[in-house]
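Take a look at the structure set out below.
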Amino acid sequence: EDKVVQSPLSLVVHEGDTVTLNCSYEVTNFRSLLWYKQEKKAPTFLFMLTSSGIEKKSGRLSSILDKKELFSILNITATQTGDSAVYLCAVADSGNTPLVFGKGTRLSVIA
Amino acid sequence: DVKVTQSSRYLVKRTGEKVFLECVQDMDHENMFWYRQDPGLGLRLIYFSYDVKMKEKGDIPEGYSVSREKKERFSLILESASTNQTSMYLCASSLNLYGYTFGSGTRLTVV
Chain W
1 EDKVVQSPLS LVVHEGDTVT LNCSYEVTNF RSLLWYKQEK KAPTFLFMLT SSGIEKKSGR
61 LSSILDKKEL FSILNITATQ TGDSAVYLCA VADSGNTPLV FGKGTRLSVI A
Chain P
112 DVKVTQSSRY LVKRTGEKVF LECVQDMDHE NMFWYRQDPG LGLRLIYFSY DVKMKEKGDI
172 PEGYSVSREK KERFSLILES ASTNQTSMYL CASSLNLYGY TFGSGTRLTV V
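Going down the list, the sequences are from chains W and P. Each residue of the first sequence is one higher than the last, beginning at 1 in my numbering. Each residue of the second sequence is one higher than the last, beginning at 112 in my numbering.
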């Protein structure tokens, strides 16, 4: 059974801190790993990773995939209160199956 | 802007009622999904559909059914609502199997 495990489940940091969110996975035939940010409503897409070692970057957020060790990290530098959200990791396999989601990491950034 | 619209943001229903949650997408996507999201449990897949009239059970289909009569609309039905179905329900659609667009969610409370 495909599995996605995120850690930590929750995290409280101060503005300006750097945080690292983790996602490990077990998938029969890996195709891609995706990160989403969920504030109060719909999860919104952040990154899709398919190749090991290639960093994806968007502003203060970046993510990288390690297909050998089966994990990904999401880094947020110089955190702001607007980064407070649940961050979801999901994995797609190469078969005809829906995304498998982790339980999410709830990040709270306090001023 | 592409959209997945869930008809209700908040719903309160009584135990035993039949409940319809509607989801409409305007992106001509083949694939549509229903998830529920609960604290500590993450997103769990209820049902999905890859085509009109087609439906597949997800991980937790018990107590639910779905209808997809038209490509753009995917309805989730709670045949007889129970208090353990109190949850946030998220609909998503995708063109391929990993680029999901989510609706804003319906927070259902069953009393």
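For every residue, glycine included, the Cβ atom is placed at its ideal position computed from N, Cα and C. Note that the structure is predicted; figures quoted are calculated from it, not measured.
*By Cβ distance, which residues of its chain are closer than 7 Å to P8(W), with the 5 residues on each side in sequence left out?*
Here the question's residue 8(W) lines up with position 8 in the first sequence. Same-chain partners within the cutoff: T105.
*asked:* Given this structure, state the Cα-to-Cα distance separating I188(P) from K103(W), to the nearest angstrom.
replied: For the purposes of this step, residue 188(P) is taken as residue 77 along the second sequence, with counting starting at 1. For the purposes of this step, residue 103(W) is taken as residue 103 along the first sequence, with counting starting at 1. The C-alpha of K103(W) is placed about 24 Å away from the C-alpha of I188(P).
*asked:* Along the region 134–146 of chain P, where does the CB come closer than 7 Å to a CB of chain W? Name the residues.
replied: If the cut-off is 7 Å between Cβ atoms, the region 134–146 of chain P has F144 near chain W.
_Looking at chain W, is there any beta carbon in it that lies within less than 7 Å of the beta carbon of L122(P)?_
The residue labelled residue 122(P) in the question sits at position 11 within the second sequence. Answer no: the Cβ-Cβ gap between L122(P) and chain W never drops below 7 Å.
*Would you verify that the beta carbon of F101(W) is, or is not, closer than 7 Å to some beta carbon of chain P?*
Counted from its first residue, the first sequence places residue 101(W) at position 101. Closer than 7 Å to some Cβ of chain P, the Cβ of F101(W) qualifies, so yes.
*Give the range of the beta strand (DSSP E) segment to which E26(W) is assigned.*
Against the first sequence, residue 26(W) aligns to sequence position 26. Run containing E26(W): V19 to E26, per the beta strand (DSSP E) assignment.
*Going by other Cβ atoms of all chains shown within 10 Å of its Cβ, with 16 needed for buried, is N207(P) buried or exposed?*
Taking the second sequence and counting its residues from 1, the one referred to as residue 207(P) is at position 96. Classification of N207(P): exposed, given that the 10 Å Cβ count is below 16.
_DSSP state of D170(P) mapped onto helix, strand, coil_ = Along the second sequence, read from residue 1 onward, the residue named residue 170(P) stands at position 59. D170(P) carries a coil assignment under DSSP once its states are collapsed to helix, strand and coil.
*Could you pull the start and end residues of the beta strand (DSSP E) that H14(W) belongs to?*
By one-based count along the first sequence, residue 14(W) stands at place 14. Secondary structure note for H14(W): its beta strand (DSSP E) is the uninterrupted segment S10 to H14.
*So, using beta-carbon positions, are L132(P) and Y211(P) closer together than 7 Å?*
Reading the second sequence from its first residue, position 21 is the one you call residue 132(P). Reading the second sequence from its first residue, position 100 is the one you call residue 211(P). Between L132(P) and Y211(P), the C-beta spacing is not below 7 Å.
*Rounded to the nearest angstrom, how far is the Cβ of V130(P) from that of A192(P), given a contact under 8 Å?*
Taking the second sequence and counting its residues from 1, one reaches residue 130(P) at position 19. Taking the second sequence and counting its residues from 1, one reaches residue 192(P) at position 81. Rounded, the Cβ-Cβ distance is 5 Å, consistent with contact.
*Using a beta-carbon distance below 7 Å, is K41(W) in contact with chain P?*
Residue mapping note: residue 41(W) aligns to position 41 of the first sequence, counting from 1. Yes, contact with chain P.
*Going by the beta-carbon positions, is the gap between Q148(P) and C134(P) smaller than 7 Å?*
Within the second sequence, numbered from 1, the residue matching residue 148(P) stands at position 37. Within the second sequence, numbered from 1, the residue matching residue 134(P) stands at position 23. The Cβ atoms of Q148(P) and C134(P) do not sit closer than 7 Å to each other.
*Can you tell which of D93(W), N22(W) and E15(W) has the C-alpha that lies nearest to the C-alpha of S63(W)?*
Here residue 63(W) refers to the residue found at position 63 of the first sequence. Ranking the options by Cα distance to S63(W), first place goes to N22(W).
*Using a beta-carbon distance cut-off of less than 9 Å, what residues from the region 156–168 of chain P approach chain W?*
Flagged, chain order: L156, F159, Y161 and E167.
*Say whether chain W places a C-beta atom closer than 7 Å to the C-beta of G127(P).*
For the purposes of this step, residue 127(P) is taken as the residue at position 16 of the second sequence. False, the Cβ-Cβ gap to chain W never drops below 7 Å.
_Contacting residues, own chain, Cβ-Cβ under 7 Å from S84(W) (five flanking each side not counted)_ = Walking along the first sequence from the start, residue 84(W) turns up at place 84. A distance below 7 Å between beta-carbons, with the five flanking residues on each side excluded, links S84(W) to the following residues of its chain, in chain order: L107, S108 and V109.
*asked:* In the DSSP output, what is M199(P) paired with across the bridge?
replied: One-based indexing of the second sequence puts residue 199(P) at position 88. The secondary-structure analysis by DSSP pairs M199(P) across a beta bridge with Q148(P) and R218(P).
*Please state whether DSSP places G82(W) in a helix, a strand or coil.*
Position 82 of the first sequence, counted from the first residue, corresponds to residue 82(W). Per DSSP, reduced to three states, the secondary structure at G82(W) is helical.
*Measure the C-alpha to C-alpha separation of S176(P) and S205(P) and round it to an integer number of angstroms.*
In the second sequence, the residue the question calls residue 176(P) occupies position 65. In the second sequence, the residue the question calls residue 205(P) occupies position 94. If you take the alpha carbons of S176(P) and S205(P), they lie about 20 Å apart.
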